[in-house]
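Undergrad: Numbering of the sequence shown is given in the numbering used here, commencing with residue 723 and proceeding in unit increments. Glycine residues also receive a C-beta, built at the ideal position from the N, C-alpha and C atoms. Can you read through this structure? Questions will come right after.
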Amino acid sequence: MRPTFLEVNLAQLKRNLESIRARVAPALLMPMLKANAYGHGLDGVAPFLAPFADYIGVATVEEGVYIRGMGIDKPILVTGGTLPEQLPHFAKFNLTLTASSLDLLRAADHLAESTRTRIRTHLKIDTGMERVGVRDTESESFLEASLQCKHLDIEGIYSHFANSDSADLTHAKLQLERFNEVLRFYEKRSLPKPRLVHMANSGAILQLPESYFNMVRCGILLYGVHPTREAARMNEVQPALTWRSRVVYSKITPPGRPVSYGSLWQAERPTRIATIPCGYADGYFRRMTNRARVLINGKPYPQVGRICMDQFMANLGDDPAEVGDEAVLLGDGITADDFAEWMGTNAYEVLTGIGARVPRVFVRE
Ligand SMILES: *Cc1c(COP(=O)(O)O)cnc(C)c1O
């Protein structure tokens, strides 16, 4: 097998889930398994975590269908935007629709009627993300219409925060206030609310307990990573990933012989250069060139020379390295936040960017 692989500690994911559950109880948990379980590998993560989840969250219909294909029968909410022509898959695979517009809601109701399937549906209210959903200011007619959709199982209503992970929670609190106002629709008419009301993502789990309602959607925090550096921290969760590789080549490089494409770096004196068989096609992104650090035999060394598609080099100075020596790219003290800093992005993009070519190896400790 390839010496480059991602070790995913399922037991750690479960501990993270339990810590989050303890924090938000009695609210239910919807682990977000979109984007290949934030890069961790859906094939191992979904079957392992499903028994501990109250609901499963994905972004796309394909992700939902894929999870159904694994024989998992937990409810699955597709949170992303949906085209009307995708609706039959919701009926066929028992996926929960995010009704983000009146048109989609009506189309779903018609389809449910003609196929005699009660499509599970969550109403999506846009309280300040301006992405998908019916704006809070226009929600009254939407909720009215939903009462007429007799063929749907309108089981939930939700909204999504744009800034729950900031130090400044002004906008998040405004969104929460708007959502609460939308929910008064039901009280004013003495109608029961949909059974599931949810809004909190990881940032809100950390910083806005008043937004838990009766379910939370936990994404990055489940994977033991914080959404931003400025958000409040929760020390009970820990990362579950170790990205491992091995030295495939080791040599002394003299000055005057620049390393890699573009000749961006050269040694000032003879120095040990180790080659690691992992590159930007694996999600070890090129923009980390001359910025990343890698552990070789447990010690950190600078990455040098342009990162290639399939390999990169590290500078060990006077230290030795043999072919086959162990390398750790991420984990053991190198964090997704470190990668994010080297890449000029956030931890989400780091995790979801780990390439499909990197095998995921699932361990229980
Ligand atoms: C991805 C996503 C989440 C989870 O976000 P985190 O910040 O990773 O917790 C929650 N809700 C929706 C609608 C999402 O798309």
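Under a three-way DSSP split, which group does ASN902 fall into?
TA: Residue mapping note: residue 902 aligns to position 180 of the sequence shown, counting from 1. Note: ASN902 maps to helix in three-state DSSP.
Undergrad: Please state whether DSSP places ASN816 in a helix, a strand or coil.
TA: Numbered from its first residue, the sequence shown carries residue 816 at position 94. Three-state result, ASN816: coil.
Undergrad: Going by C-alpha to C-alpha distance, which of ARG994, ALA830, GLU990 and GLN988 sits closest to LYS973?
TA: As a working mapping, residue 973 is identified with position 251 in the sequence shown. The residue with the shortest Cα to Cα distance from LYS973 is ARG994.
Undergrad: Which residues share a DSSP beta bridge with HIS762?
TA: Along the sequence shown, read from residue 1 onward, the residue named residue 762 stands at position 40. HIS762 is not bridged to any residue.
Undergrad: Quick one: is the Cβ of THR1067 within less than 7 Å of any heavy atom of ligand 1?
TA: Numbered from 1 along the sequence shown, position 345 holds the residue referred to as residue 1067. No, the beta carbon of THR1067 sits no closer than 7 Å to any heavy atom of ligand 1.
Undergrad: Quick check: GLY1077 and ALA1003, are their CB atoms within less than 8 Å of each other?
TA: The residue you call residue 1077 lines up with position 355 of the sequence shown. The residue you call residue 1003 lines up with position 281 of the sequence shown. Closer than 8 Å, so yes.
Undergrad: What residues in its chain sit with their C-beta under 8 Å from that of ALA829, if we drop five residues either side in the sequence?
TA: Along the sequence shown, one-based indexing puts residue 829 at 107. If we look at ALA829 and ignore the five residues flanking it on each side, its Cβ neighbours are PRO806 and LEU809.
Undergrad: Quick check: the stretch 977-994 against the stretch 728-745, are at least 3 beta-carbon pairs closer than 8 Å?
TA: No, they do not touch.
Undergrad: Is it buried or exposed for LEU751, if we count other Cβ within 10 angstroms and need 16 for buried?
TA: Here residue 751 corresponds to residue number 29 of the sequence shown, with the count starting at 1. Looking at its Cβ environment, which holds 16 or more other Cβ atoms inside 10 Å, LEU751 is buried.
Undergrad: At 4 residues or longer, and completely inside the stretch 799-883: list those alpha helix (DSSP H) runs for me, N to C.
TA: Taking only runs of at least 4 residues, the alpha helix (DSSP H) segments lying wholly in the stretch 799-883 are 809-815, 824-837 and 861-870.
Undergrad: In the DSSP assignment, the alpha helix (DSSP H) including LEU682 goes from what residue to what residue?
TA: With the chain covering only 723 through 1087, there is no way to say anything about residue 682.
Undergrad: By the DSSP assignment, the alpha helix (DSSP H) with SER726 in it spans what residues?
TA: Sequence index remark: in the sequence shown, residue 726 carries index 4 (1-based). According to the sequence provided, residue 726 is Thr. The question's Ser does not apply to it. Taken as a continuous stretch (DSSP letters only), THR726 belongs to no alpha helix (DSSP H), as it is neither H nor E.
Undergrad: When you compare the stretch 776-794 with the stretch 817-824, are there three or more beta-carbon pairs, one atom per stretch, that lie closer than 8 Å?
TA: Touching, yes.
Undergrad: Once DSSP output is grouped into helix, strand and coil, what is the label at THR1057?
TA: Residue mapping note: residue 1057 aligns to position 335 of the sequence shown, counting from 1. Correct three-state label for THR1057: coil.
Undergrad: Which class does ALA1036 belong to by DSSP, given the choice of helix, strand or coil?
TA: Residue 1036 sits at position 314 when you count from the first residue of the sequence shown. Reduced to three states, the DSSP call for ALA1036 is strand.
Undergrad: Is GLY941 a contact residue of ligand 1, with contact defined as CB to any heavy atom under 7 Å?
TA: The count along the sequence shown starts at 1 and reaches residue 941 at position 219. Under cutoff, so the answer is yes.
Undergrad: Mind the definition here: the stretch 873-892 touches the stretch 917-924 only if three or more C-beta pairs lie below 8 Å; say whether that holds.
TA: The answer is yes - the stretch 917-924 touches the stretch 873-892, with three or more Cβ pairs under 8 Å.
Undergrad: Under a Cβ-count criterion, where at least 16 other Cβ atoms within 10 Å of its own Cβ denotes burial, should TYR971 be classed as buried or exposed?
TA: Sequence index remark: in the sequence shown, residue 971 carries index 249 (1-based). Exposed, by the Cβ-count rule.
Undergrad: Comparing alpha-carbon positions, which option in ALA953, SER886 and ALA962 lies nearest VAL938?
TA: Here residue 938 refers to the residue found at position 216 when the sequence shown is read from its first residue. The shortest Cα separation from VAL938 among ALA953, SER886 and ALA962 belongs to SER886.
Undergrad: Looking at THR1011 and ILE1029, is the spacing between their C-beta atoms short of 8 Å?
TA: Translated into the one-based positions of the sequence shown, residue 1029 becomes position 307. Translated into the one-based positions of the sequence shown, residue 1011 becomes position 289. Yes. Within cutoff.
Undergrad: Count the other CB atoms within 10 Å of the CB of LEU869; is the residue buried (16 or more) or exposed (fewer)?
TA: If you number the sequence shown from 1, residue 869 lands on position 147. With fewer than 16 other Cβ atoms within 10 Å, it is exposed.
Undergrad: Which residues mark the beginning and the end of the beta strand (DSSP E) in which SER972 is found?
TA: The sequence position of residue 972 within the sequence shown is 250, counting from 1. 971-975 is the span of the beta strand (DSSP E), which, as asked, contains SER972.
Undergrad: For ligand 1, is there any heavy atom lying closer than 7 Å to the beta carbon of THR849?
TA: Taking the first residue of the sequence shown as 1, we reach residue 849 at position 127. Outside the cutoff, so no.
Undergrad: At a cut-off of 7 Å, is THR997 close to ligand 2 when judged by its beta-carbon and the heavy atoms of the ligand?
TA: As presented, the structure is devoid of ligand 2, carrying ligand 1 as its sole ligands.
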